[in-house]
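In terms of the working numbering, the sequence shown opens at residue 16 and continues consecutively.
Ideal placement from N, C-alpha and C gives every residue a C-beta, glycine not left out.
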Amino acid sequence: SGAGGSGTAVHTIDQSIRFNDDDSGRMGRTPGSASNRRTWTFSVWIKRGNLDSSGFKFIFSRTEATVAANIAFYQDSLYFAAASAGHELNLTTNRKFRDPSAWYHIVIAQDTTQATSSERVRIYVNGQRETSFSTETYPALNYQGYINTAALHDIGVSRPSGSISGYFDGYMAEIVLIDGESLDSSSFGEYNSSGIWVPKDVSGLTFGTNGFHIKGEDSSDLGNDSSGNGNDYSTSGLASHDQVSDSPSNN
């Protein structure tokens with residue numbers, strides 16, 4: 016189940032950003048230079064809207080022609096994969112995420128310098144590491160992926176070969192990229208006194224060169240980066256009314 020309910024949270028999230036697939040809502044940014052392509056962490060709180068048991072709903076993507084790295088829901092499983100000529104990594108959970116009333120906290124942590132292949136990519140949902148996969152392909156040692164390259168990165172959509180597909184539908188809050196560190200879920204959340212996974216204040220983390228922290232706290236600038244890096248994301252199909260009070264702290 017997602018976060019919310021009883022218990023006392025130390026840190027609260029006051030809003031989320033609504034991505035309506037009918038409005039083609041998305042965000043995008045092209046970094047000015049490449050940074051750490053081996054080691055990074057992506058964290059986001061998500062509440063799903065329209066489900067898609069047959070295709071993709073993209074969360075965070077870097078796509079350019081046939082080269083891609085995608086974090087998505089695929090047939091309602093959580094999916095992280097990268098591919099050029101073939102899949103260099105692919106982790107697709109056996110677990111399905113079909114509850115549109117629940118907030119899910121998702122963390123993808125990559126560190127391809129790890130000697131043990133299964134430690135090179137780790138996936139956490141609501142504080143628990145996912146270990147059961149229908150497809151389980153880990154990257155090679157010291158693999159340099161496509162996240163943190165100087166190419167377009169998207170939130171809420173993917174652009175394979177220049178076309179746009181798989182619009183996400185639902186809500187996102189506390190969208191974070193940590194450039195240069197592979198962190199576990201405890202850097203972003205914790206269990207409260209009722210045993211519910213709740214957010215932690217992430218403002219003290221080191222975000223790194225291309226890292227960002229999108230909170231959606233300014234309805235007129237939903238893609239504003241609050242990390243201090245100024246890595247703002249431009250928006251399309253999003254308006255001020257897409258800042259909503261539904262959040263992991265106010266489900």
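I want to check one thing, is the minimum distance from the CB of residue i to the heavy atoms of the ligand ADP below 6 Å?
i: L253; result: The model depicted lacks the ligand ADP and carries no ligand whatsoever.
Taking its Cβ as the centre, do 16 or more other Cβ atoms sit within 10 Å of residue i, making it buried, or is it exposed?
i: N266; result: exposed
i: K72; result: buried
i: T78; result: buried
i: A25; result: Contrary to the premise, residue 25 reads as Val rather than Ala in this sequence. So V25 ends up on the exposed side.
i: K111; result: exposed
i: L156; result: exposed
i: R113; result: exposed
i: N85; result: buried
i: H168; result: buried
i: Q258; result: buried
i: D240; result: buried
What first and last residue would you give for the beta strand (DSSP E) that runs through residue i?
i: P263; result: P263 -> no beta strand (DSSP E), and no H or E assigned at all.
i: D199; result: Taken as a continuous stretch (DSSP letters only), D199 belongs to no beta strand (DSSP E), as it is neither H nor E.
i: A124; result: W118 to D126
i: S242; result: S242 -> no beta strand (DSSP E), and no H or E assigned at all.
i: G43; result: R41 to R44
i: H256; result: Per DSSP, H256 belongs to no beta strand (DSSP E) and is neither H nor E.
i: L93; result: S92 to A98
i: I28; result: That residue, I28, is in no beta strand (DSSP E); it is neither H nor E in DSSP.
i: N163; result: From DSSP, N163 is part of no beta strand (DSSP E); its letter is neither H nor E.
i: R137; result: V136 to V140
i: E145; result: Per DSSP, E145 belongs to no beta strand (DSSP E) and is neither H nor E.
i: N105; result: H102 to K111
i: I229; result: F227 to I229
Taking C-alpha atoms, which residue in the options lies nearest to residue i?
i: Q125; options: D194, G101, T108 and P115; result: D194
i: T54; options: N105, D29, L93 and R137; result: R137
i: S149; options: K62, L104, S58 and S209; result: L104
i: T45; options: N163, S262 and L198; result: N163
### Task
May I have a chain-ordered list of the beta strand (DSSP E) segments no shorter than 3 residues that lie completely inside the region 56-90?
71-79 and 82-89
### Task
Specify whether the region 183-200 and the region 214-234 touch according to this definition: at least 3 beta carbon pairs, one from each stretch, less than 8 Å apart.
yes
### Inter-stretch contact at 8 Å, needing at least 3 Cβ pairs: the region 56-73 / the region 117-134
yes
### Message
Under 8 Å: do the region 234-252 and the region 28-42 share three or more Cβ pairs, one atom per stretch?
### Response
yes
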